[in-house]
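Chains as they are written, first to last, in our numbering: chain A, 158 to 529; chain B, 670 to 1034; chain C, 65 to 549.
Since the structure comes first, as structure tokens, the remarks are kept for the end.
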Amino acid sequence: MKKIAFIIAAVMLLSGCAYHTELDKVAIVEVVGVDFADGEYTITMQYFNTDAAGGVTAVDSSAPNTVTVSASGKTIESALEAVSYTSGKETMPGSAGLIVFGKDAITSFRDSVGFAVSHYSGNPQSYVCAADKAADVVNVKFSEGNASVEKLRMMMEVAENMGLTVQVQLYEALEMLCCPTGSLALPLISTYSGNTDTTEDGTGIIIKGGALCTDNRYADELSTDDMSGLAFLSRGSGKCDMTLRYRGDDVSVILYGISTKITPSFYDDVLGLDVEVSAKCKYVGNDLNDPYGAKDDIERICEKETVSRITSLLEKTVTAFGADVCGLEYKIRSYSPEIWRAISANYREYLKNCRFDVHCKINTERFGIMQG
Amino acid sequence: MTSEIGYGGLAAAMVLSRIFTEATWLPRECTEYGMQRFTVTITSFLLIAVIMIPLFIAAGKTAGGDLISAISQRSKALGAFIGVILSVYLLFAASETALRSHYYASSTVFDSASSLYFYVFVGAALLFAVYKGLEASSRTGVIIFGGLIFLLLLMTAALLPEIKPDRLYPALIDDEESFFPQVIKELSENAEALIFIALCGRVRGRSRSALPVYIAVSCALMLFMTFLYNTVFGRLTPLLDFPFYTLSSVSDITLLHRINGIDVMVWVMASVIKAAFLTFAFRETIKGAFGSEKAAKPLSYAFALASLALSGLFTVFPGMFEPISKLCSSGIPLAAVVLLVSSAALLCMRERGEGRKGTSFLTKK
Amino acid sequence: MLEKSLEKNTITIRTLMKNSSDLILKYARAGGIDICIVSCDGQTDARKLAELVYHPLSALDADSVTDPDDLAAKIGGELLIAADEKPVYSPAEVINAIMNGFCVILIDGADRGYAVGVQGFETRSVTQPENHRNVRGSREGFVEALHTNISLVRRRVKSTELVIKTMSVGKTSNTEICVCYMPGRTDAKLVKAVTEKLETLPLSLILESGYIQPFLERKDPLFSEVGATERPDVLVSKLYEGRVGVIVDGSPFVLFVPKLFSENFIMLDDYVEKPVFALFIRAVRYLAFLISILLPGFYAALANFHPELIPVSLLRNLAASESLTPYSVLTECVILDLFYEIMREAGLRLPSNVGHAISIVGGIVIGDIVVSAGLVGAPMLLTVAIASISGYIVSDLNNQIALMRFAVIIMGGAFGLFGITITLLIFCIGVCSVGAYGVPFTAPLSPFSFKGMRDTLLRISWHHLGRTDPEIYEMNGAEIKEDDI
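Below, the structure written as structure tokens:
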């Protein structure tokens, strides 16, 4: 019996075992770009070059640390397969930290995003953003750092910390697409020429604003102020940097401890949203002669600016498209289930006709260390 | 003298087995993971508690003896009838366990493990567990249960920034249609009652304590898992094949980018322990219903192999599995078996007039 | 039986001893009667022999002794002042006595002799044990001599609570072994079970306590429910918890039963440090155990099958390193682990002066050349090295860890996490099936016992630990049944 068991075990162990790929034959994908043109998807992937400097050993320190490959196909899956055999390695999209969708690729967006999570090795934690053309962004090579994706990710993280945009992870994007209006706002990045400081070929990347997707497809472009408004609405607390104009001077303030309360109401078959934002404010810099005296004025300007950003966002999304990009559905369902029952069947239309009232209350609690 | 386990060990194995069913999924099960899942879970556990009350009383009255042999001693025909029904149900439950485990593992991180390897290795582990006996499997179950709790804590810590309580809203606003079908489905998932029926005679001391522990802990863990699903994935939850697996996929613990591999490890281990307990339940059923001590051991190995073979058969011919699965998920077979066994045991006791004394009627003449 | 004729008795003893060269027969006269002092070369102390035996016997006047029986009575009475003295009635007893360091006085005309304890063989002095060293506490370790070991134990329990029973086992070696226990704390069934097993030992030669260990445990290929310690303080603490100790003459390793898996992670220092430190260091030991078994196999599994689990920044380093090596991850891992085991085995047996050379060569070859030659990746080397070092933290399980690690490497490298899952499950079931004398090996972790947890992962303060009953069966809610024995 023991002999038989041994023979079976030996045959199994020696017969090639389970299928696997050695680590050096795997393309560790850093960033994926998805474009759509002429009925074909084009996937551009930037993967780590194991032969370049990296880890503890460097075969060729002069070689670029990332390699970019691109291939097209009728479906995203076929494009991915094409990328695999073009690169000569087994691609691992699960390691991608960032997925960039070209505006044109945001057609039937849920299907496009689905590829990244449908496979077990897909990475639901990847960040998602939009670009005018994804391939252009992926092809930019920063002169610093190991891989471009880290630079890109850091850029967006800093922007998010400053309250200028809202980063979206893959599973969050899918979650937002599940709402009745199928809407979300992705950060929109774009390339520009003339940046020789941080990139190798003089092409730079900027965060341009946001891309509004609704009903699973691209709808409109949002400004950075709109995205800042989204940050106010979608994040309960956080901070936001603002530069305001006050009596001919530029005044920099930081809003922190931001809290937002959205109260729905339903009257006369019209949905109403009462948005109340409260935040604390502190000055940075010493560019005011009398910051203490200007306190009330600065607060009012801040409030006005905040209300303007939020209103602009709501107008561009809710009023224009009936798009719910900041989880209004949850608020309505949680706090007023009876309203939700009344409007759920025709949610988008109710949103389009929605009346919103945005209030803001800002209190200055701290001033800069140096007095003017 | 047969070896015994503590009621805690039995309860841990039953909870592990129940949570395994919750975390894994089979095609066409149509489980709704939305907000109504909270109410579905609570209601289904209340119902199973009600169904188990006679079982609880019967187990309490038969200190030291197991229900099936008690019935069998009173009426051989009834004992044999219950024995056959239980054995068939246990075989289906064991093969369904292997099927779930295989489907789950091969759909997730173990896609590289072929079906042959899967069944050979899982089968080897199952046979080893059966060979080592109930005590060893029970202790292993406790350790894996500890592993599950550790995994849950790890995931909760990793997911804390992702938890958005805003995503909770009152249940049954717009999903009330699926409430009762879901409750019935959940009710039918408690095949652990069969394990209890068959193994309560092997529990040292108060065997019936395993039932309330099982119901309370399983319910609490399932509610907690539902809380995590809904606060992290919100509206996405109903669309996910394996919400718990996906939760582990977004759990970044710095040392590991994600912990879905560990998650699947826990469930594969849990499936083997569940199948082993079902096999032991079968062994005890054979012993109790037919009094065949000698045949029980080789039959239990045959049972383990048959359950794996049946699972393989169901994989190849899913059409065979569906009608049986449909029948079982109606909740009727489970409720019928639990009520039949407990009422038969209580009836036997009343006829002998020994129930109230709280002593074993097996040992009395 | 001994006869009255001295000549016949000496011939019988010579015959039984097959004229062995170490048999010493010293003929003399005491009180005018012929006597023979029988002893075994090297087993007696010449000074003791002279002072305790020769001197009193030579001082005996012929007038004071009337007949051989009178002489025998005097020797057995007030004449000799040795602490250990007993009459012997057969040649077999004579031989047994001289083998144990006694000298036997045979008297012409008397059918009995007297064995006098004049033991004086060379023994190793009491030194610090090689294994289980501690920072604070006693530096005494068991030695080879049984009586020294008994004295080390008795010095720590100066009360009637400790009982020591000696017996001889092994037909050829006639090895003295000693069973010690505390009757008020130890289950009588446990003592009976152990004693019965020792009495029916089928061995004829016992050179080490490891020889009798398999007869006290159940058959399990990896783990044993019989513990071994070199420290008298550890043994006494085990006896205090209701266990039975077995001291074997000639071995510095004393056995005790039953042993728990969690005891491999408990060191004496834990009890003299603050409880919070004990908690921390025990957690580190458990972690080290897991690292030692799992790390290389886990690395091979992740690198081959599940790279998506590895953080990307680390994955880049690993991939860059692997791209330089010709072998697969599994092969590298197996080679390194085998190489490490070879070095360990070589280092254990070599004299210490050569051992240094081996460690230098091994360190340079493995640590530097293998990586720089591109045969093995540096991360893999690091992984195996960390696993190896971690294994030494739980020194009692070193051999088991080596085997388990190898199994996990093979299964992890060949089948990924699925292979590791099945391997771990089989190990886990195997460990959980161990248990003898009524206590599961994995107690109090599984079956879980709150009472037993007070000194498992955490060690509660002595204020509480001293107040509660430490008895092993009480703590784990276990009891001895016929099956268990």
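The beta-carbon is built from N, C-alpha and C at its ideal position, and this holds for glycine as well.
(request) Select from B:Leu1008, B:Leu996, B:Cys869 the residue whose C-alpha is nearest the C-alpha of leucine 736 of chain B. (result) B:Cys869
(request) Whole angstroms is fine: what's the gap from isoleucine 524 of chain C's alpha carbon to leucine 303 of chain C's? (result) 20 Å
(message) I'd like to know whether the C-beta of alanine 110 of chain C is nearer than 8 Å to at least one C-beta of chain B.
(response) no
(request) Check whether the segment 416–426 of chain A touches the segment 469–476 of chain A, taking contact to mean three or more Cβ pairs, one atom from each stretch, closer than 8 Å. (result) Touching, no, given that fewer than three Cβ pairs across the two stretches are closer than 8 Å.
(request) Give the range of the alpha helix (DSSP H) segment to which aspartate 297 of chain C is assigned. (result) 296–304
(message) Three or more C-beta pairs under 8 Å: does that hold for the segment 849–867 of chain B against the segment 924–935 of chain B?
(response) no
(message) For phenylalanine 470 of chain C, would you say it is in contact with chain A, using Cβ-to-Cβ distances shorter than 8 Å as the test?
(response) Phenylalanine 470 of chain C does not count as touching chain A.
(message) I want to know whether the segment 479–494 of chain A touches the segment 452–467 of chain A - three or more CB-CB distances under 8 Å.
(response) no
(request) Using only alpha-carbon positions, find the residue among C:Ile75, C:Ala92, C:Val102 that is nearest to aspartate 86 of chain C. (result) C:Val102
(request) Identify each residue in the segment 318–343 of chain A for which the Cβ-Cβ distance to at least one residue of chain B is less than 7 Å, and report them in chain order. (result) Tyr328, Leu331, Glu332, Cys335, Cys336
(message) Considering just the uninterrupted stretch of the alpha helix (DSSP H) at phenylalanine 848 of chain B, what are its terminal residues?
(response) 848–857
(message) Pairs of beta-carbons, one from the segment 337–353 of chain C and one from the segment 753–766 of chain B, closer than 8 Å: are there three or more?
(response) Counting Cβ pairs under 8 Å, fewer than three are found: no touch.
(request) Whole angstroms is fine: what's the gap from threonine 371 of chain A's alpha carbon to isoleucine 362 of chain A's? (result) 25 Å
(message) Please confirm whether glycine 212 of chain A has its beta-carbon closer than 8 Å to some beta-carbon of chain C.
(response) With a pLDDT of only 43 at glycine 212 of chain A, under the threshold of 50, the placement of this residue in the model should not be trusted, and no figure is reported.
(request) Give me the Cα-Cα distance between proline 132 of chain C and arginine 413 of chain C, rounded to the nearest whole angstrom. (result) 57 Å
(message) Let me make sure I understand the geometry here. Which of C:Ala364, C:Glu142, C:Pro247, C:Pro443 has the alpha-carbon closest to that of threonine 224 of chain C?
(response) C:Pro247
(message) Looking at the secondary structure, which residues open and close the alpha helix (DSSP H) in which arginine 469 of chain C lies?
(response) Boundaries of the alpha helix (DSSP H) around arginine 469 of chain C: 462–497.
(request) Report the rounded CA-to-CA distance for isoleucine 544 of chain C versus glycine 502 of chain C, giving the unit in angstroms. (result) Cα atoms of isoleucine 544 of chain C and glycine 502 of chain C: separation of roughly 4 Å, rounded to the nearest angstrom.
(message) Against chain B, which members of the segment 488–514 of chain A pass a CB distance test of less than 8 Å?
(response) Only Lys488, Arg490, Ser491, Pro494, Trp497, Arg498, Ser501 from the segment 488–514 of chain A bring a Cβ to less than 8 Å from some Cβ of chain B.
(request) Would you please state the rounded distance, in angstroms, between the beta carbons of leucine 724 of chain B and isoleucine 866 of chain B? I believe it to be under 8 Å. (result) 7 Å
(request) Please compile the residues from chain C whose C-beta is within a distance smaller than 7 Å of the C-beta of leucine 180 of chain A. (result) Ala367, Pro371, Leu382, Ala383, Glu386, Val393
(message) Within the continuous beta strand (DSSP E) that includes histidine 516 of chain A, where are the two ends?
(response) 512–523
(message) Just to confirm the assignment: which complete alpha helix (DSSP H) runs, minimum length 4, are found wholly within the segment 282–362 of chain C?
(response) Qualifying alpha helix (DSSP H) stretches, in chain order: 296–304.
(request) Within 10 angstroms of the Cβ of threonine 532 of chain C, are there 16 or more other Cβ atoms? Answer buried if so, exposed if not. (result) exposed
(request) Following the continuous beta strand (DSSP E) through tyrosine 153 of chain C, name the residue where it begins and the one where it ends. (result) Element bounds for tyrosine 153 of chain C: n/a, residue is neither H nor E.
(message) Relative to the C-alpha of alanine 123 of chain C, which candidate in C:Glu289, C:Ile97, C:Leu332 has its C-alpha closest?
(response) Minimum Cα distance to alanine 123 of chain C is reached at C:Ile97.
(message) I need the straight-line Cα distance from proline 120 of chain C to glycine 306 of chain C, nearest angstrom please.
(response) Looking at the two C-alpha atoms, the distance is approximately 46 Å.
(message) So, for alanine 94 of chain C: in the same chain, excluding its five sequence neighbours on each side, which residues have a beta-carbon less than 6 Å away from its beta-carbon?
(response) Leu121, Leu124
(message) Between which two residues does the alpha helix (DSSP H) holding serine 994 of chain B run?
(response) 987–997
(request) May I have the straight-line CA-CA distance separating phenylalanine 990 of chain B from tyrosine 335 of chain C, to the nearest angstrom? (result) Cα to Cα, phenylalanine 990 of chain B sits roughly 59 Å from tyrosine 335 of chain C.
(request) Would you mind reading off the limits of the alpha helix (DSSP H) that contains proline 443 of chain C? (result) 442–457
(request) Measure the C-alpha to C-alpha separation of tyrosine 786 of chain B and leucine 880 of chain B and round it to an integer number of angstroms. (result) 36 Å
(request) Go ahead and pull the three-state DSSP assignment for phenylalanine 423 of chain A. (result) strand
(request) Taking C-beta pairs closer than 7 Å, name the residues in chain F that threonine 915 of chain B reaches, listed in chain order. (result) Considering every chain present, this structure includes no chain F. Its protein chains are A, B and C.
(request) Just confirm the distance between the C-beta atoms of cysteine 888 of chain B and isoleucine 722 of chain B, as a whole number of angstroms; I'd bet it's less than 8 Å. (result) Not confirmed; about 16 Å, so no contact.
(message) Check this for me: beta carbons of isoleucine 263 of chain A and methionine 313 of chain A, under 8 Å apart or not?
(response) No. Outside cutoff.
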